[in-house]
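First the structure, in the form of structure tokens, and then the observations on it.
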Amino acid sequence: MIHLQNVTKVFGTGVTGLADINLEIDKGEFVFLVGKTGSGKTTLLKLLIRETLPTTGDIMIGEWDIVGLPEKSIPLLRKKVGVIFQDLKLLMDRTIGENILLPLQVAGRAAQDAANRVSELLEEVGMSEHKEKFPIQLSGGELQRVAIARALALSPEILLADEPTGNLDEATAFDIVDLLSRINSHGTTIIMATHNMDIVKKLHHRVVGLDSGKMVGDTKKSSKPQETTHKHEDKDEKEEVKEEKKDHDDKKEKEEGKTKE
Amino acid sequence: MWNHIRRSPYQALAAILIMMLTFLAVSVFTILIIGSSKVITYFESKPQVTAFFRDDAKQDVIEGLKTDLAATGKVSSMKFVSKDDALKIYREQNKNDPLLLELVTADVLPSSLEISANNLQDLPDLSVYLKNNPAVQEVVYQKDVVAALTTWTNAIRIIGILLIGLLSLVSIFIMSIIIGMKISHKKDEIEIMQLIGATKWYISNPFVMEGIFYGMVGAFVGWFVASGVLLAATPLLETFLRGIPVVPVPWWFYLALLAGELVLAVILGIFSSILAVMRYIK
């Protein structure tokens, strides 16, 4: 469903954001993008919604050629791909209900239909009683739920979550990830950027590791994770990615064994 | 759009005031240009050369002169005013002053020939031609009045067009700066809307509507003030322009002026807001 081929992003300053990324993500997958700050996780997500263009390489989402996508089609792409932004990007002068309503208004949904969808989403993320509150009145975890509800408003096939547990305590972070897992179980492809390895370890989903813009691991591939030559590797995180890959592979082997039996 | 206006009322007021100023100038100069054109038309339609005959001028000489003048092709119309006709006109003009009426008889007043030329430039030639005729005692023509009015009207027209052009330009810049400030103020909201799939038109539309709104309100207020002043000054103008059919201004003129100004306001509003949108929304 999502296909990145030899994708490189070099910023205007000369800094390499991503280097030669090759990645395939199937429909309905839940993928963790892990890596330290500045490893290229957010850049990768930005490329998927054409917020930025790669310097070289091809990106396909289904039939959409993201690199060659005409300007006028970008809004259409962004209606198909929901995003939970790292800084949430909620409108502080609008109520929770109005924030969730925004994508529906942008898409031109009829008022009653949109209002019903907002109620549905608020219920789905467990925020029905906060509909008339303003963002400033909510906690971090609640705001994340609102951001998730807004991202789901147009029932996207793909949901990109950029550090959705970044500033949350452990219990709340797991609540949010549970919610995302539930959404994924309904068939939505989820790519979640995180550096919270506890969550990554617990959930046994596919893990793609990034370091200094390079892919340093992918638990889906049978081959060894790509080695990075960067001098400032975050060794702990890399080890965690490898561990996660091992866990994942072991689990997969067990499952395959059971299936054969 | 209403939220945009409500949240920054002083900017909205500034935009409306500059538009009002522009359209006040548009109204005033339109009224002046159309009014002075009507005054010129009035004077042009009046006899432009009047030849007063000597008391002993023979009727056949006068008839010969008329035939000769018609043959020049420069005359659009001629009217002979006999001594009796002149007395009637004199009595009509001074009917409220019996003393003046008592002193004057038909013998005192000369007969005359009132001539309108096809072209104002032919007036000097016609005047010279008439003066050379022995039956003519005196020639009076309104070349100077019409020429002075034409000069004034042209000056008003040029000043009006320049002032309206300048004010329109200032309005466009000020409006685009005000709308640009509003766009900058909503930068985060616009970025979010773009990221969740809003089209450029969806984002720009409220700002364009806002520009149109400022333009239309400004135009209406400008028109209202100018029309009010004109209506209030109508009795004074009627006295000043006695006999010249310029005032009272017909009601349809006010409506046509308003309609024209609203169309111009929409164009200015769209132009200035699109200028701001193009500059600030990428």
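Taken in order, these protein sequences are the chains called X and L.
Using numbering that gives the first Met the number 0, the first residue of the first sequence is number 0, and each one after it goes up by one.
Using numbering that gives the first Met the number 0, the first residue of the second sequence is number 0, and each one after it goes up by one.
No residue lacks a Cβ here, since even glycine has one placed at the ideal position from N, Cα and C.
Remember, predicted model here, so these are calculated numbers, not experimental data.
Contacts of residue i in chain X (Cβ-Cβ under 7 Å)
{"i": "L/I191", "result": "K88, L90"}
{"i": "L/I195", "result": "R77, L101, P102, V105"}
Chain L within 9 Å of residue i, Cβ atoms only
{"i": "X/P74", "result": "yes"}
{"i": "X/E162", "result": "no"}
{"i": "X/E97", "result": "no"}
{"i": "X/V82", "result": "yes"}
{"i": "X/R205", "result": "no"}
{"i": "X/R149", "result": "yes"}
{"i": "X/L68", "result": "no"}
{"i": "X/K71", "result": "yes"}
{"i": "X/K22", "result": "The residue asked about is misnamed: residue 22 of chain X is Leu in this sequence, not Lys. Closer than 9 Å: no."}
{"i": "X/L153", "result": "yes"}
CB contact flag (residue i, residue j, <9 Å)
{"i": "X/P155", "j": "X/V80", "result": "yes"}
{"i": "L/R53", "j": "L/V135", "result": "yes"}
{"i": "L/I178", "j": "L/S271", "result": "yes"}
{"i": "X/L87", "j": "X/V176", "result": "no"}
{"i": "X/I198", "j": "X/A170", "result": "no"}
{"i": "X/L22", "j": "X/H2", "result": "yes"}
{"i": "X/V6", "j": "X/L68", "result": "no"}
{"i": "L/V169", "j": "L/T21", "result": "yes"}
{"i": "X/L167", "j": "X/L103", "result": "no"}
{"i": "X/F84", "j": "X/L202", "result": "no"}
{"i": "X/E28", "j": "X/I189", "result": "yes"}
{"i": "L/L267", "j": "L/I171", "result": "yes"}
{"i": "X/P53", "j": "X/I95", "result": "no"}
{"i": "L/F28", "j": "L/I155", "result": "yes"}
{"i": "L/S26", "j": "L/V246", "result": "no"}
{"i": "X/V207", "j": "X/M214", "result": "yes"}
{"i": "L/A69", "j": "L/Y213", "result": "no"}
{"i": "L/S203", "j": "L/I273", "result": "yes"}
{"i": "L/L102", "j": "L/L86", "result": "no"}
{"i": "L/V48", "j": "L/L122", "result": "yes"}
{"i": "L/V248", "j": "L/L261", "result": "no"}
{"i": "X/R49", "j": "X/N98", "result": "no"}
{"i": "L/I173", "j": "L/I17", "result": "yes"}
{"i": "L/K82", "j": "L/D59", "result": "no"}
Any chain X beta carbon closer than 9 Å to residue i
{"i": "L/Y201", "result": "yes"}
{"i": "L/T198", "result": "yes"}
Beta-carbon neighbours of residue i, restricted to chain L and to distances below 8 Å
{"i": "X/E50", "result": "L194"}
Residue i CB to nearest heavy atom of the ligand GDP below 8 Å
{"i": "L/K82", "result": "Of the ligands one can find in the structure shown there are none, so the ligand GDP has no counterpart to examine."}
Q | Cβ-based contacts, 9 Å cut-off: residues of the segment 174 to 191 of chain L near chain X | A | Listed in sequence order: D187, E188, E190, I191.
(Q) Measuring CB atoms only, is the segment 207 to 216 of chain L touching the segment 145 to 164 of chain X, in the sense that at least three cross pairs come out at less than 8 Å? (A) no
Q: Flag this pair as touching only if the segment 192 to 205 of chain L and the segment 68 to 85 of chain X have three or more C-beta atom pairs under 8 Å; answer yes or no.
A: yes
Q.
With three or more C-beta pairs closer than 8 Å as the rule, is the segment 157 to 166 of chain L touching the segment 41 to 53 of chain X?
A. Output reads no: the segment 157 to 166 of chain L does not touch the segment 41 to 53 of chain X.
Q. Is it true that the segment 143 to 152 of chain L meets the segment 230 to 248 of chain L, where meeting means three or more beta-carbon pairs spaced less than 8 Å apart?
A. no
Q: Decide if the segment 114 to 125 of chain L is in contact with the segment 72 to 82 of chain L; the criterion is three or more beta carbon pairs, one per stretch, under 8 Å apart.
A: Yes, since at least three Cβ pairs between the segment 114 to 125 of chain L and the segment 72 to 82 of chain L fall closer than 8 Å, the two stretches touch.
Q | Cβ contact check for the segment 50 to 66 of chain L and the segment 104 to 112 of chain L: 3 or more pairs under 8 Å | A | Yes, the segment 50 to 66 of chain L touches the segment 104 to 112 of chain L.
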